[in-house]
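Asks:
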Ligand code: KG4
Ligand code: ZN
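In my numbering, the protein residues as written are 21 to 377.
1) Whole angstroms are fine: how far does the CA of residue 257 sit from the CA of residue 134?
2) Residue 341 by DSSP, collapsed to three states: which one?
3) Taking 6 Å as the limit between beta carbons, can you name the residues of its chain near residue 21, skipping five residues before and five after?
4) Measure from the C-beta of residue 348 to each C-beta in chain B and report whether the shortest distance is under 7 Å.
5) Can you list the alpha helix (DSSP H) stretches of 4 or more residues lying completely in the segment 92–169, in chain order?
6) What is the DSSP secondary structure of residue 223, counted as helix, strand or coil?
7) Would the beta-carbon of residue 170 be found less than 6 Å away from any heavy atom of the ligand ZN?
8) Quick check: the segment 302–309 against the segment 274–285, are there 3 or more CB pairs under 8 Å?
9) Out of 43, 35, 108, 44, which has the shortest C-alpha to C-alpha gap to residue 54?
10) Taking only the alpha-carbon atoms, compute the straight-line gap between residue 105 and residue 260 and give it to the nearest angstrom.
11) Using alpha carbons as the reference points, say which of 71, 343, 329, 290 lies closest to residue 313.
12) Exposed or buried, what is residue 339 when buried is set at 16 or more other beta-carbons lying within 10 Å of its beta-carbon?
13) In the DSSP assignment, what residue or residues form a beta bridge with residue 47?
14) Who are the Cβ neighbours of residue 93 in its own chain at under 8 Å, not counting the five residues just before and after it?
15) How long is the line joining the alpha carbons of residue 218 and residue 183, rounded to whole angstroms?
16) How many Å lie between residue 99 and residue 39 at the Cα?
17) What are the start and end residues of the alpha helix (DSSP H) that includes residue 77?
18) For the alpha helix (DSSP H) that contains residue 285, what are its first and last residues?
19) By how many angstroms is the C-alpha of residue 252 removed from the C-alpha of residue 264?
20) For residue 62, tell me which candidate among 358, 334, 212 has the shortest Cα-Cα distance.
21) So, is residue 194 buried or exposed, given that buried needs 16 or more other C-beta atoms within 10 angstroms?
22) If you measure between the beta carbons of residue 18 and residue 116, is that distance less than 7 Å?
23) Give a yes or no on contact between the segment 229–245 and the segment 187–204, applying the rule of three or more CB pairs nearer than 8 Å.
24) Decide if residue 291 is buried, meaning its Cβ has at least 16 other Cβ atoms within 10 Å, or exposed.
25) Looking only at C-alpha atoms, which of 82, 118, 311 sits nearest to residue 160?
26) Identify whether residue 63 lies in helix, strand or coil by the three-state DSSP scheme.
27) Inspect the beta-carbon positions of residue 114 and residue 76 and report whether they are closer than 7 Å.
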């Protein structure tokens, strides 16, 4: 039996402080995201201490704004869902301790959410009156192949049903988003690297350089560290240096055309790595739907290569729901509540920085 409800979702695993209210697992009532990205850009990556401090400042205003935008009082909320892993320890603590306190103070059930699973659930949102969202018409059907491509994770999972999935494979080293971020540093492009490498790549030719795709024994595993090193060696060779030349000094010696061609060649190969495995899984399991999850889902080259490789309709979450947000947390929280999954103890729920799927 299913129960319907409104869930408040809270997300604070990295640099976004986010909260959202979702109704019945498909209707987005509010979605508030405060990012501390501006504070990290000068360091070329997220600084955990700064992120945690910024969560402390933002989390209550963000939650109140999410309730206001959804026109909800605490009496309307049926439960609280919070990311308890994976993520940065200090950042996760702020969200989890806030959610625990609110669950006790307002006597609400608490749901502990796996951040990576939640990315997949952004695909279940189909309805909103909020302006500026493009949502899919129908929820994905099972069996569902999930291509998870974020800053911290690159995974392929097959969902037979809600809460019944198999992890087909994952990256052995860097996540694809991480690879974009590292290549951005080599090319002197701003953080986060995904959007900036993607933009530079539009000016370049992807067939200028042939970069390697790792060959692995496991059918559905990925590796991106070799590709990242290949980009470094390429940039060193192009600027006439050997492999001892420091990566941070390369960008000033590369021409704009070289940067664009390296960005395009890297992006093409990194995306191809993901698409090749997705195609194999699609052929082996004939899923009824394919969903893409995580920040790299916003990448246009991924969308282009997937549509070329897999002759099935693929829908994507709205761009604002691809990167970290509270709506995906609330949506998975709704399904947990509707399917009467176990609740978490608000007096003891702990963070799990290394939680995997
Ligand atoms: O899912 P997400 O917001 O955070 C994690 O859970 O990791 O993903 C962030 C990652 C970053 O590495 C960022 O560079 C990448 O997503 N990203 C993109 C694009 N937009 C964000 N990568 C490629 N192309 C994009 N347009
Ligand atoms: Zn994420």
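Heads up, the beta-carbon is just placed ideally off N, CA and C, and yes, glycines get one too.
Keep in mind the model is a prediction, meaning the values are calculated, not measured.
Replies: In short, the structure shows the following:
1) The sequence position of residue 134 within the chain shown is 114, counting from 1. The sequence position of residue 257 within the chain shown is 237, counting from 1. Rounded to whole angstroms, residue 134 and residue 257 show a C-alpha spacing of 42 Å.
2) Translated into the one-based positions of the chain shown, residue 341 becomes position 321. Residue state, collapsed to three classes: helix.
3) In the chain shown, residue 21 corresponds to position 1, counting from 1. At residue 21 the pLDDT is 48, less than 50, meaning the model places this residue with poor confidence; the figure from the coordinates comes in the next sentence. Around residue 21: no qualifying Cβ.
4) You won't find chain B in this structure, because it holds only one protein chain.
5) Fully enclosed alpha helix (DSSP H) runs of 4 or longer: 109–125, 135–141.
6) Taking the first residue of the chain shown as 1, we reach residue 223 at position 203. In the three-state reduction of the DSSP assignment, residue 223 falls in the coil class, being assigned neither a helical nor a strand state.
7) Position 150 of the chain shown, counting from 1, holds the residue named residue 170. Yes.
8) With the cut-off at 8 Å, the segment 302–309 and the segment 274–285 do not touch.
9) The residue given as residue 54 occupies position 34 in the chain shown. If we check each option's Cα against that of residue 54, 35 comes out closest.
10) Here residue 105 refers to the residue found at position 85 when the chain shown is read from its first residue. Here residue 260 refers to the residue found at position 240 when the chain shown is read from its first residue. Those two C-alpha atoms are separated by around 44 Å.
11) What you label residue 313 is simply residue 293 of the chain shown in a count that begins at 1. Answer by Cα proximity: 343.
12) In the chain shown, residue 339 corresponds to position 319, counting from 1. Under this definition residue 339 is an exposed residue.
13) In the chain shown, the residue the question calls residue 47 occupies position 27. Residue 47 is bridged to 43, 147.
14) Along the chain shown, read from residue 1 onward, the residue named residue 93 stands at position 73. Apart from the 5 residues on each side of it in sequence, residue 93 sits with its Cβ closer than 8 Å to the Cβ of 87 in its chain, given in chain order.
15) Locating residue 218 in the chain shown gives position 198, where the first residue counts as 1. Locating residue 183 in the chain shown gives position 163, where the first residue counts as 1. C-alpha separation (whole angstroms): 34 Å.
16) For this step, residue 99 is matched to residue 79 along the chain shown. For this step, residue 39 is matched to residue 19 along the chain shown. Roughly 13 Å between the two C-alpha positions.
17) Sequence index remark: in the chain shown, residue 77 carries index 57 (1-based). For residue 77, the uninterrupted alpha helix (DSSP H) segment begins and ends at 68–89.
18) Against the chain shown, residue 285 aligns to sequence position 265. If you look at residue 285, you'll find it in the alpha helix (DSSP H) that goes 276–305.
19) The residue labelled residue 264 in the question sits at position 244 within the chain shown. The residue labelled residue 252 in the question sits at position 232 within the chain shown. Taking the straight line joining both Cα atoms gives about 11 Å.
20) Locating residue 62 in the chain shown gives position 42, where the first residue counts as 1. Checked all of 358, 334, 212; the closest Cα to residue 62 is 212.
21) Within the chain shown, numbered from 1, the residue matching residue 194 stands at position 174. Result: buried.
22) No information on residue 18 is available, as it lies outside the stretch 21 to 377 that the chain covers here.
23) Enough Cβ pairs lie closer than 8 Å, so yes.
24) By 1-based counting over the chain shown, the position of residue 291 is 271. By the neighbour-count rule (16 or more Cβ atoms within 10 Å), residue 291 is buried.
25) Working through the chain shown from its first residue, we reach residue 160 at position 140. When C-alpha distances from residue 160 are compared across 82, 118, 311, the shortest belongs to 311.
26) Counted from its first residue, the chain shown places residue 63 at position 43. Residue 63: helix per DSSP, three-state reduction.
27) Here residue 114 corresponds to residue number 94 of the chain shown, with the count starting at 1. Here residue 76 corresponds to residue number 56 of the chain shown, with the count starting at 1. Yes.
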